[in-house]
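A.B. asks: Quick one: structure below, then a few questions.
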Amino acid sequence: MIEVFKTNVNSRHHAQMLVEEIHSRFEGYSANFDLWDCDKILRIKSEDVSVEAEDIVALLRQKGYHAELLKG
12 MIEVFKTNVN SRHHAQMLVE EIHSRFEGYS ANFDLWDCDK ILRIKSEDVS
62 VEAEDIVALL RQKGYHAELL KG
């Protein structure tokens, strides 16, 4: 399963810190940012478990960022 989020993360440094946090908190998730995209895309992939979008949105909010699940 892949979920895609629109975010307001602008820096590679913060994106890397968030990816590391996601990987440590959510076993089985593979996360990456596309900061070149105008929507500052966060993609999360999981082969084994479903991606809990609300938990990702809450984590980014806790860190001071906005994230919105994009419907596909």
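With the numbering used here, letter number 57 in the sequence shown gets 68, and the count goes up by one each step, no holes. All residues carry an ideal CB built from backbone N, CA and C; glycine is no exception. As the structure is a prediction and not an experimental result, all values here were calculated from the model.
Measuring alpha carbon to alpha carbon, tell me which of N21, H24 and F37 ends up nearest E65.
C.D. replies: Minimum Cα distance to E65 is reached at F37.
A.B. asks: What are the boundary residues of the beta strand (DSSP E) that V20 is part of?
C.D. replies: No beta strand (DSSP E) holds V20; DSSP gives it neither H nor E.
A.B. asks: Report the residue from I67, V30 and I55 whose alpha carbon sits nearest the alpha carbon of V15.
C.D. replies: The candidate whose alpha carbon is nearest that of V15 is I55.
A.B. asks: V30 and Q51 - do their beta-carbons sit closer together than 8 angstroms?
C.D. replies: Residue identity differs from the one stated: residue 51 is Lys in this sequence, not Gln. No, they are not a contact pair.
A.B. asks: Please classify V62 as buried or exposed, where buried requires at least 16 neighbouring CB atoms within 10 angstroms.
C.D. replies: Result: buried.
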